[in-house]
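Engineer: My questions will all concern the structure given below.
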Amino acid sequence: MSTATRIDGKAFAADVRARVATEIAQIKKNHNLTPGLAVILVGDDPASHVYVRNKTQQTVEVGMASFEHRLDDKTPEADLLELIDKLNKDHAVHGILVQLPLPSHIAEIKILSAIDPDKDVDGFHLMNVGRLWTGADALVPCTPYGCILLLKKHLGDLTGKRALVLGRSNIVGKPMAALLLEESCTVSIAHSRTTDLPARCREADILVAAVGRPMMVKGDWIKPGAVIIDVGINRIDAPERGEGKTRLVGDVDFSAAEQVASAITPVPGGVGPMTIACLLRNTVVAACRQANIDITNI
Ligand code: NDP
150 MSTATRIDGK AFAADVRARV ATEIAQIKKN HNLTPGLAVI LVGDDPASHV
200 YVRNKTQQTV EVGMASFEHR LDDKTPEADL LELIDKLNKD HAVHGILVQL
250 PLPSHIAEIK ILSAIDPDKD VDGFHLMNVG RLWTGADALV PCTPYGCILL
300 LKKHLGDLTG KRALVLGRSN IVGKPMAALL LEESCTVSIA HSRTTDLPAR
350 CREADILVAA VGRPMMVKGD WIKPGAVIID VGINRIDAPE RGEGKTRLVG
400 DVDFSAAEQV ASAITPVPGG VGPMTIACLL RNTVVAACRQ ANIDITNI
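Position one of the sequence shown corresponds to residue 150 (our numbering), numbered consecutively onward.
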């Protein structure tokens, strides 16, 4: 039985970052501008701290200016809004990202709506959601952006493919569906109320799984030859590695899927690394738009 190609997100993310670094060097040289990314972290969620540290490190590595704001978990909503207002007006800052989740006393929608849409490098502002769904120039949410880049790199033209997005969250599922539609795929979105999910999955040439359920998608849910993008990141117990050990798995049963699909992203090392690379790319795009620099000609 043939084994699927592993789509190497780690290597492709390194390519994207290298391209971003070259673009930044040119923007600095030709336009005397250093793109800047501000990241706000409220509270002490350990996973968020790791993620923000990685973002900061990669931001600096590509030659961008990095501004980090770590706030106490008791920070009042008004203070956070005030900081966002300050960053919106700061000409050295071209991208603003508020790390989610926020503490429960802060209204997420209020915060995301306060970010200048042109600096909204996470693509969560309603203006960017609207731009994405109407085919206008949007800043696109980073994880689905990374998925579409991986798909296009592997498959080339996606026109006419039947795509199923498993999951309908605002940060992954819905924008993913919009991007696939933009590529002229025939798109379905499945969720927890979908009936006969395995049959729906088996119809798909492209299956994007973003549910947050470890290894939920089984080998016999997959159409032979399909391309699988596994967004899920789930930590499970791994007693085979020793007592108390854990490991990361995706939403797809990788070893079974590998026997049926033509290509699949591994977890870890697939979609994950693309997310920060796309954040850096979005910041360059945002900086160029704010400074009226033609991104195709920098
Ligand atoms: P959410 O919890 O916001 O959404 C999960 C979606 O999956 C919902 O639409 C839900 O349906 C659907 N779902 C849940 N259970 C089932 C089921 N049994 N059958 C069918 N559908 C189901 O998750 P996110 O979109 O934020 O994240 C999804 C996964 O992707 C997580 O594992 C997360 O860690 C990972 N992730 C990875 C990133 C990366 O950089 N690689 C970035 C962001 C997320 P319903 O709407 O009906 O409840």
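Virtual Cβ for every residue (Gly too), placed ideally from N, Cα, C.
Using CA atoms only, rank isn't needed, just tell me which of Arg351, Leu261, Asp239 is closest to Leu246.
Structural biologist: For Leu246, the nearest C-alpha among the options comes from Leu261.
Engineer: The ligand NDP and Gly316: does any heavy atom of the ligand fall closer than 7 angstroms to the residue's C-beta?
Structural biologist: Yes, the Cβ of Gly316 comes within 7 angstroms of a heavy atom of the ligand NDP.
Engineer: Look at the alpha carbon of Gly497 and the alpha carbon of Cys427, and state the distance between them as a whole number of angstroms.
Structural biologist: Because the chain here runs from 150 to 447, residue 497 falls outside it and cannot be looked at.
Engineer: Suppose you measure from the CA of Ala387 to the CA of Met365; what does that come to, to the nearest Å?
Structural biologist: Rounded to whole angstroms, Ala387 to Met365 spans 17 angstroms at the Cα level.
Engineer: How would you label Gln175, buried or exposed, when you count the other beta carbons within 10 angstroms and need 16 or more for buried?
Structural biologist: Exposed, since its Cβ has fewer than 16 Cβ neighbours within 10 Å.
Engineer: At a cut-off of 7 angstroms, is Ile320 close to the ligand SAH when judged by its beta-carbon and the heavy atoms of the ligand?
Structural biologist: Absence of the ligand SAH from the depicted structure is noted, with the ligand NDP being the only ligands included.
Engineer: Examine the ligand NDP and report whether any of its heavy atoms sits within less than 7 angstroms of the Cβ of Ser341.
Structural biologist: Checking every heavy atom of the ligand NDP against the Cβ of Ser341, one is found closer than 7 angstroms.
Engineer: Comparing the CB of Asn431 with every heavy atom of the ligand NDP, is any distance shorter than 7 angstroms?
Structural biologist: Outside the cutoff, so no.
Engineer: Give the range of the beta strand (DSSP E) segment to which Gly185 is assigned.
Structural biologist: Run containing Gly185: 185-191, per the beta strand (DSSP E) assignment.
Engineer: Could you check if Arg430 is buried or exposed, using at least 16 other CB atoms within 10 Å of its CB as the buried criterion?
Structural biologist: By the 10 Å Cβ count, Arg430 comes out buried.
Engineer: Are there 16 or more other CB atoms within 10 angstroms of the CB of Gly419, so buried, or fewer, so exposed?
Structural biologist: By the 10 Å Cβ count, Gly419 comes out buried.
Engineer: Which residues does DSSP list as the beta-bridge partners of Glu217?
Structural biologist: Note: Glu217 sits in a beta bridge opposite Val188.
Engineer: Which whole-angstrom value describes the C-beta separation of Gly212 and Met423, a residue pair presumed to lie in contact below a C-beta threshold of 8 angstroms?
Structural biologist: Actually they do not touch by this definition, with Cβ atoms about 20 angstroms apart.
Engineer: Using a 10 Å radius around the Cβ and a threshold of 16 neighbouring Cβ atoms, would you call Val199 buried or exposed?
Structural biologist: Exposed: under 16 other Cβ atoms inside 10 Å.
Engineer: Between the region 169-186 and the region 431-439, do at least 3 Cβ pairs fall closer than 8 angstroms?
Structural biologist: Judged by Cβ distances under 8 angstroms, the region 169-186 makes contact with the region 431-439, as three or more pairs qualify.
Engineer: Take every Cβ of the region 405-417, pair it with every Cβ of the region 281-295, and state whether three or more of those distances are shorter than 8 angstroms.
Structural biologist: Contact between the region 405-417 and the region 281-295 is absent, because fewer than three Cβ pairs lie under 8 angstroms.
Engineer: Spatial neighbours of Ile371 within its chain, please: C-beta separation below 6 angstroms, excluding the five flanking residues on both sides.
Structural biologist: Cβ neighbours of Ile371 beyond the five flanking positions: Ala406, Val409, Ala410.
Engineer: Given the structure, does Asn383 come close to the ligand NDP, in the sense that its CB is under 7 angstroms from one of the ligand's heavy atoms?
Structural biologist: Because some heavy atom of the ligand NDP lies under 7 angstroms away, the Cβ of Asn383 counts as near it: yes.
Engineer: So, with DSSP's three-state summary, where would you put Ala358?
Structural biologist: Note: Ala358 maps to strand in three-state DSSP.
Engineer: Leu304: which of Ile442, Ser151, Ile413 sits nearest, CA to CA?
Structural biologist: Nearest C-alpha to Leu304: Ile413.
Engineer: Where does Val321 sit, in a helix, a strand or coil, going by DSSP?
Structural biologist: Looking at Val321 - three-state DSSP - the assignment turns out to be coil, as it is neither helix nor strand.
Engineer: Go ahead and pull the three-state DSSP assignment for Ile385.
Structural biologist: Three-state result, Ile385: strand.
Engineer: Run through DSSP, which three-state label would Ala339 get?
Structural biologist: Of the three classes helix, strand and coil, the one that applies to Ala339 here is strand, per DSSP.
Engineer: Are the region 336-348 and the region 379-386 touching, with three or more C-beta to C-beta distances below 8 angstroms?
Structural biologist: No: the two stretches stay apart, fewer than three of their Cβ pairs being nearer than 8 angstroms.
Engineer: So, are the CB atoms of Val360 and Leu315 less than 8 angstroms apart?
Structural biologist: Yes.
Engineer: Is there at least one Cβ from chain C nearer than 8 angstroms to Leu232's Cβ?
Structural biologist: This model lacks chain C altogether; it includes just one protein chain.
Engineer: Is Asp194 near Pro250, with beta carbons less than 8 angstroms apart?
Structural biologist: Their beta carbons are under 8 angstroms apart, which means Asp194 touches Pro250 by this criterion.
Engineer: Taking the alpha-carbon of Arg311 as reference, which of Glu352, Ala326, Met325, Ala285 has the nearest alpha-carbon?
Structural biologist: That would be Glu352, whose Cα lies nearest to the Cα of Arg311.
Engineer: Would the C-beta of Thr149 count as close to the ligand NDP, meaning under 7 angstroms from any of its heavy atoms?
Structural biologist: Since the first residue of the chain shown is 150 and the last is 447, residue 149 is not available in this structure.
Engineer: Whole angstroms is fine: what's the gap from Lys178's alpha carbon to Leu275's?
Structural biologist: Looking at the two C-alpha atoms, the distance is approximately 34 angstroms.
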